[in-house]
Structures are given as structure tokens and as C-alpha cells.
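Heads up: the structure comes next, in C-alpha cells.
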Amino acid sequence: MGKTDPAKRIDDLKKLIDLHSRKYYLEDRPEIPDEEFDKLMAELRRLEDENPLFRTADSPTQKVGGGVSENFAAYSHNPPMLSLDNSYNPEELREFDKRVKKGLARGDAEYLAELKIDGLGVNLIYEDGKLAQGVTRGDGKSGEDVTANIKTISDIPHSIKSPAAWARCEVRGEIYMRRADFVKLNEARHEAGEEPFANPRNAAAGSVRLLDANITKSRKLRFFCYALYVFGKNGNAMRDSVLKSQHEMMQQLEKLGFPVNDAYKKHSSIDGVLDEVAAWEEKRKKLPYDTDGLVVKVNSFLDQRELGATSKFPRWAIAYKYAAEQAETVVQDIVVQVGRTGTLTPVAELAPVLLAGSTISRATLHNEDNVKQKDVRVGDSVIIQKAGDIIPQVMKVLLEKRPDRSKPWAMPKKCPACGGEVARAEGEAAVRCLNRRCPAQQMEAIIHFARRDSMDIDGLGPSRIEAMVQKGMLKDIADIFNLDYASVAEIEKMGKKSAGNLRQSIEAAKGRGLEKLLVGLGIRHVGERAAFLLARAFADLDALAAADEAQLTAIHEIGPEIAQSLIQFFADAENRKLIEKLKKYGVSMEGSRETPAAQTLAGKTFVLTGTLEGMSRNEAKELIQRAGGKVSGSVSKKTDYLVAGSDPGSKLDDAHKLGVTVIGKEELLKLVM
Ligand code: IVH
Numbered sequence: 064m065g066k067t068d069p070a071k072r073i074d075d076l077k078k079l080i081d082l083h084s085r086k087y088y089l090e091d092r093p094e095i096p097d098e099e100f101d102k103l104m105a106e107l108r109r110l111e112d113e114n115p116l117f118r119t120a121d122s123p124t125q126k127v128g129g130g131v132s133e134n135f136a137a138y139s140h141n142p143p144m145l146s147l148d149n150s151y152n153p154e155e156l157r158e159f160d161k162r163v164k165k166g167l168a169r170g171d172a173e174y175l176a177e178l179k180i181d182g183l184g185v186n187l188i189y190e191d192g193k194l195a196q197g198v199t200r201g202d203g204k205s206g207e208d209v210t211a212n213i214k215t216i217s218d219i220p221h222s223i224k225s226p227a228a229w230a231r232c233e234v235r236g237e238i239y240m241r242r243a244d245f246v247k248l249n250e251a252r253h254e255a256g257e258e259p260f261a262n263p264r265n266a267a268a269g270s271v272r273l274l275d276a277n278i279t280k281s282r283k284l285r286f287f288c289y290a291l292y293v294f295g296k297n298g299n300a301m302r303d304s305v306l307k308s309q310h311e312m313m314q315q316l317e318k319l320g321f322p323v324n325d326a327y328k329k330h331s332s333i334d335g336v337l338d339e340v341a342a343w344e345e346k347r348k349k350l351p352y353d354t355d356g357l358v359v360k361v362n363s364f365l366d367q368r369e370l371g372a373t374s375k376f377p378r379w380a381i382a383y384k385y386a387a388e389q390a391e392t393v394v395q396d397i398v399v400q401v402g403r404t405g406t407l408t409p410v411a412e413l414a415p416v417l418l419a420g421s422t423i424s425r426a427t428l429h430n431e432d433n434v435k436q437k438d439v440r441v442g443d444s445v446i447i448q449k450a451g452d453i454i455p456q457v458m459k460v461l462l463e464k465r466p467d468r469s470k471p472w473a474m475p476k477k478c479p480a481c482g483g484e485v486a487r488a489e490g491e492a493a494v495r496c497l498n499r500r501c502p503a504q505q506m507e508a509i510i511h512f513a514r515r516d517s518m519d520i521d522g523l524g525p526s527r528i529e530a531m532v533q534k535g536m537l538k539d540i541a542d543i544f545n546l547d548y549a550s551v552a553e554i555e556k557m558g559k560k561s562a563g564n565l566r567q568s569i570e571a572a573k574g575r576g577l578e579k580l581l582v583g584l585g586i587r588h589v590g591e592r593a594a595f596l597l598a599r600a601f602a603d604l605d606a607l608a609a610a611d612e613a614q615l616t617a618i619h620e621i622g623p624e625i626a627q628s629l630i631q632f633f634a635d636a637e638n639r640k641l642i643e644k645l646k647k648y649g650v651s652m653e654g655s656r657e658t659p660a661a662q663t664l665a666g667k668t669f670v671l672t673g674t675l676e677g678m679s680r681n682e683a684k685e686l687i688q689r690a691g692g693k694v695s696g697s698v699s700k701k702t703d704y705l706v707a708g709s710d711p712g713s714k715l716d717d718a719h720k721l722g723v724t725v726i727g728k729e730e731l732l733k734l735v736m
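Our numbering numbers the first residue of the sequence shown as 64 and each following residue consecutively.
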């Protein structure tokens, strides 16, 4: 056997490294140990050193920002970020109260109860009021410097008005994701064939540790803080000389402009704390984010100091954790749904069971690997849990209850909706139906197009769309704009009036413009943010369709993945036909970029003086500049026009002296037109 071709090996290594760095950094799901990854990288580096001609700019060894193999810089927390002791029932909380009282000379304590936010602990370091570093909790002693990512979180101030004596302060808190944002993110990942995150906490943690801060920015992360440490010029800890208690500290954090969860409350005894624990058990489910319990802290800093800490957690605080809501039920069937982009999703049909206040009869099984890994079978008894209290998930199978002769589940070899071919792309979790005309895909595409976030067609919800698809009235999204309203009125329960209303909302949708249209078209990787950016950058859909990768990636935040997906979309003849059809029916393709004004004032120089009625100096300046004119500060021989309002200054005399034409606002407007 001859030596392996270095060019081929380099190529393979690049692909392999890119794949694994995606899994590690973007998906938070590494498949190989770090050592193995580092070995691949070392081999690539060696081969490139030996064959420098094969070293290309897109090689993982050449990437800026530290390259893929470099982890975040380490940062030592001082004081360390301790963990919390846990309690799970009122008795354990009373035990904590006893320990606290015993540990304090005065034998009594006041408590502060706070919500325990289910996210990722971070430490924000401010130097002279400026955010200098953002670090993950890590192992408590040292964490990862994720400053660039932290800075994209809008809840986190980049500068604060702290007293001059505070040379450095550290703000500690929790980064979290709201449930609604988590659901949206997972939907997008699912459509893109990426693994969904298990819960909002994992999604937040995964998003903070990304290598690309632009992606972090798109993840809608939020922040609540619960601790402040203050240091003077020579590094001396000075918080406890300015603040006396946990309660004062929370108020100070609020004053500094930090988001503080306002549920914090003082209690003079553990009974009060227990009442609050009971009250939040139900109330917390109505919050838009996940909480896994309460944190109970001794309020006074003096008392906290007297109690001290073990090596793991403070003796002055404890977490009270609510039990995760789970239920047992039986899998009656495993069906497969076909999504808009053809993704086949296995769904467990369950014997109806009550969980967290609602009856559950289905649970997503996400994808083929998930079913295999948990080995969920029809007939199995399973434990289900609500992820983020929204999507029920199958947590585990109760093997001891498995009926005899049950069979492992397998993904169907053909699309269950159209019988077409299915395939799973390399590196993807999703199996997809390859038939573009698959009726299930078409219907999902139409539903997506009409949704509020897309073209917002009031009155065109999933059930109506389903009825219209079944009657053959809708085959693709363009058909929406060519409906026969006499037949629409005949659809069950519709009538003339509803048909008339629907017609109105469809007419209104024609004018939504490029941004909403792009969301509606459901192009892979083009979500709301990308659609917004693209619609601002291009005059219309034709201009966007004609753009090449370089033009697309020149737009800040648009990367090669989005660019390639757009190029592929517009290269497809079917898609181009669909767009022509939409155009024919009068759907607006206009971008939101301001159309350039006619350059009527090109080559002319203007000077402004006095007050123009109903137009500020800046507005007048912009008007002139947009029309191609120049605005100068003083009158000279080169000045073409002096625009004079009421109370003009000495510029009017200058203009008269130099024979410059003097005009008013009305004449200016005429010149521009
Ligand atoms: S106090 C020494 N307060 O829970 C005090 N932590 O399970 C330690 N957490 O690492 C933290 N909400 O990331 C505190 N109101 C809150 C909290 C909170 C969430 C997290 C934090 C901590 C973990 C311990």
C-alpha cells in the first residue's frame, strides 16, 4: 500500500475537525474526547507544515479568534463561586434554620428568600464602572472568560455609575433563557436538522459558550443578578462597610441598573419562608422563565460572616428545590410527522395523563437517535416530564413494565405522508423526506407562511389551511393569493362574511414586504433576524436573488451557511417559479432600504441660517444631502444658495455681499423635487 495522499488527508481532516468543532461549540454535544480532537488538529498542523501549498485560509488551523482548538481563557474567581446546599421538603428547611440559630451567638436570624433561577451562573467584573470581563462559574474556583458573548446580552450594562472608590466590583448572577425563546430556538434547530436543547437551562449554557458571539446575540439570553462584591484601589474588600445585608445589596444592584428579580423578600422567621415556598410552588409556573426553587439566605452580612462556609457551600444559605413534575403513562403508538422542510419527527401517542395542570396525550421523541438511545417502544410504560413546562418529553422507559414480545422502533424507510424517498444527511440528526411535492411538507409550508411571525394572514390558521389543501384549493403558498372566494365561502362553517374577512387579510398580506416574505418562504437558516438584515440590505427580492456569496457575507451577521442556503434556494427552478407566481398575484417583494432620492441637488452647495418653520436644521441638512447637495457652515463665493429662515444671522449679510441667491424653505423643497 502506498502512502496516503497528503492533499486528501488534509481535506478529510479539515472536514472532520469542522464537524467536531460544530458538535462541541455550536451544538454543545461533543462526540469525541478533547484529546482526540487535539490529535486531529496536531496531525493537520503537521501535514500543513510539511506541505505548505495545501494550507488554505479556510483551514481550522488558520481561523482567527484563537482557532477552534483554543478554549476560552481561564479566570480565577475571588472569592470563589460556591455552590448551594439543597433541601427538598419543609423539614429539611427547618433543620437549616436550627443550624443557623445554633451557629449565631444571638441565636436568631432574619432571612431573605429569592427565586432560584434555572440558568447558568456567571461573574461580571467591572473596573472603574466599565464591564471588563464576563466569566462562567466553571468549577467555582475558576471559570471561562466569555466576555465577548456576555457583552451581547442586552440585560447586562456595559458601564455603571458606581462610586469612584469602587475600583473593581463583581456582580454575580444567572444567565437564563425565557421558555418562549427556548421553544422558538428549538423549533428552528429542529427544522435545520440540528439536535434540540433539552431545556432552557442547557440552551442558555450552550449559547454562552459559543465561539461566535453573533450566534450568542441571536439567542435572546437574559440576566438576573443576586450578588455584589466591591473592592477598593488596593484590592481591599469593602462591600460590607457600605452594605449591611443581602436586602440592601439587592437594592444597590437595582440602583446600579442591573436586572434583579423582584421576588426577593425578607422574613423574620422560617415560618414566613415556608409560607413563601408553598406560595411559589404554583405561582412559579406562570413565570415566563424556569425556576427550580427558592434560595434562602441569612440576611445580615455580619451574621453570614459569623456562620462562614464549608469548602463547598456557605452555611448561611440553602436552596429549596421543588420536585420536577413527572407522570407515568403508556406509549400507545409512535407516529411520524413530516415538517415543512421534510424533517421526519417521531411522536409518542400516550394514554392521556395529567401533568402540571394539563392533559398530555403526545410527546415528541425528537429524532431517530433519541428513540434508539432511550429504546422507547410501543406498549412501554414511560415517565414523562415537561421541558420548560411546555413540551412534554419522554424521560425514561420503565423496563420492568415492558410487555413481552415488544419490538424496537425503527424509522420508516419511506415518507409516511407521500411514500417518497427519505435520507439522513451526514452529521445531521434528522431524516428528511426528499420529495419536494410531498403534501405534508407543502401544507406545513403554507401554515408557516400564514403565521403571525411570517405574513400574518388573519383567519388563515392550520385547520382552514388543511381544509383548503384537502379540497385542492391550495397547492402552494402562491395559491393563497389566487383563491376563488365563492368556493372559500362553501368551506365548512365559513360563510360569506368570513370569506370576505379572509379576502381582506390576504389583500393586506400582499403588502408586507421583503422581510416578512423571507420569513414566510422558510428558507433554511433564514430566520427573523437574517430576514430583517437582508431586507435592509437589498432593494428587493430580485436583487437578493442575484447576490453572490461575497455580497451576502459582506452583510454583518450573515455567515456562509446562510449565504449558501440562499444561493441554493434561488438556484432552484421550482422556487423561482413560485416567486414569479407570487409576483404575478401582486405580492410585494420590496426591501425596507430607503430608496435613494433623486440627485436633484448634485453639485450644489447650501448654507443654512435662521429658523425654518416646521423643519429642524438637521432635517434640512439631511434633505439636501439625500438629494446630493452639500451643506457648508459659512457663506463663500462657492455657495450656491443660502437657505434663510426667521431671525437669520450675519450669514444673510455675507450672502448679499457676495451675491449668493437667498431662498426660503418652500423654494428649497421645490429645488429638491
Ligand atoms: S446564591 C454562595 N441566589 O444556583 C451563594 N444562586 O445551585 C451561591 N442560582 O451556583 C449562589 N438563582 O448559579 C444564588 N437567587 C440565587 C440563585 C442562585 C440561581 C444558581 C447559582 C448557583 C446555583 C447553586
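Heads up, the beta-carbon is just placed ideally off N, CA and C, and yes, glycines get one too.
- Judged by DSSP in its simplified three-state form, residue 672 adopts strand.
- At a threshold of 6 Å, residue 377 counts as near the ligand IVH, since its beta carbon sits closer than that to one of the ligand's heavy atoms.
- By the CB criterion at 7 Å, residue 337 and residue 153 fall inside the cutoff.
- Excluding sequence positions up to five before and after residue 496, its CB lies within less than 6 Å of the CB of 401, 405, 478, 483, 485, all in the same chain and listed in chain order.
- If the five residues before and after residue 376 are omitted, its C-beta is found closer than 7 Å to the C-beta atoms of 145, 146, 147, 148, all from its own chain and listed in chain order.
- Residue state for residue 270 is assigned as helix, using DSSP reduced to three classes.
- Straight-line spacing of the CA atoms in residue 594 and residue 719 works out to 53 Å.
- In this model, residue 644 and residue 511 are separated by some 18 Å (Cα to Cα).
- When Cβ pairs closer than 8 Å are counted between the two stretches, the segment 354 to 373 is seen not to touch the segment 290 to 298, the count staying below three.
- Within 10 angstroms of the beta-carbon of residue 516 lie fewer than 16 other beta-carbons, which makes it exposed.
- In this structure, the beta-carbon distance from residue 641 to residue 541 falls below 7 Å.
- Taken in chain order, the complete alpha helix (DSSP H) segments of 4 residues or longer contained in the segment 300 to 362 are 302 to 305, 309 to 318, 333 to 346.
- Within its own chain, the residues whose Cβ lies closer than 8 Å to the Cβ of residue 475, once the five positions on either side in sequence are excluded, are 399, 407, 485, listed in chain order.
- When C-alpha distances from residue 380 are compared across 164, 588, 258, 344, the shortest belongs to 164.
- The Cβ neighbour count for residue 264, taken over all protein chains shown within 10 Å, is at least 16; the residue is labelled buried.
- Cβ-Cβ separation between residue 499 and residue 637: approximately 6 Å, consistent with a contact (criterion under 8 Å).
- Remark: the C-beta of residue 649 is outside contact range of the ligand IVH, defined as less than 6 Å to any heavy atom.
- Relative to the ligand IVH, residue 380 has its C-beta within less than 6 Å of a heavy atom.
- Of all alpha-carbon atoms in 102, 110, 699, the one lying nearest the alpha-carbon of residue 74 is that of 110.
- An exposed status is given to residue 334, since fewer than 16 other beta-carbon atoms sit within 10 Å of its beta-carbon.
- Proximity of the beta carbon of residue 155 to the ligand IVH is not indicated: no heavy atom of the ligand is located closer than 6 Å.
- Here residue 183 is actually not in contact with residue 276; their C-beta atoms are around 16 Å apart, not less than 8 Å.
- For the pair of segments examined, the segment 550 to 565 was found not to touch the segment 594 to 610: the number of CB pairs separated by less than 8 Å stays below three.
- Within the same chain, Cβ atoms closer than 7 Å to the Cβ of residue 425 are found at 410, 411, 412, 413, the five residues on either side in sequence being excluded.
- Its chain contains 124 as the residues whose beta carbon lies nearer than 6 Å to that of residue 108, once the 5 sequence neighbours on both sides are disregarded; these appear in chain order.
- Three or more beta-carbon pairs separated by less than 8 Å link the segment 271 to 287 to the segment 229 to 241, which places the two stretches in contact.
- For residue 147, the Cβ falls inside the 6 Å cut-off from some heavy atom of the ligand IVH.
- Distance from the CA of residue 709 to the CA of residue 726, rounded to the nearest whole angstrom, comes to 12 Å.
- Membership of residue 138 in the beta strand (DSSP E) is indicated by the continuous run 137 to 139.
- Under the three-state reduction of DSSP, residue 442 is assigned to coil, being neither helix nor strand.
- The DSSP assignment places complete alpha helix (DSSP H) segments of no fewer than 4 residues inside the segment 609 to 647 at 612 to 616, 623 to 634, 636 to 647, in order along the chain.
- Annotated three-state conformation of residue 715 is helix, per DSSP.
- Excluding sequence positions up to five before and after residue 106, its CB lies within less than 7 Å of the CB of 76, all in the same chain and listed in chain order.
- Listed in chain order, the beta strand (DSSP E) runs fully inside the segment 383 to 408 are 389 to 401, counting runs of at least 3 residues.
- Classified as buried, residue 291 has 16 or more neighbouring CB atoms from the shown chains inside 10 Å of its CB.
- Taking non-hydrogen atoms of the ligand IVH into account, the C-beta of residue 163 is found less than 6 Å away from none of them.
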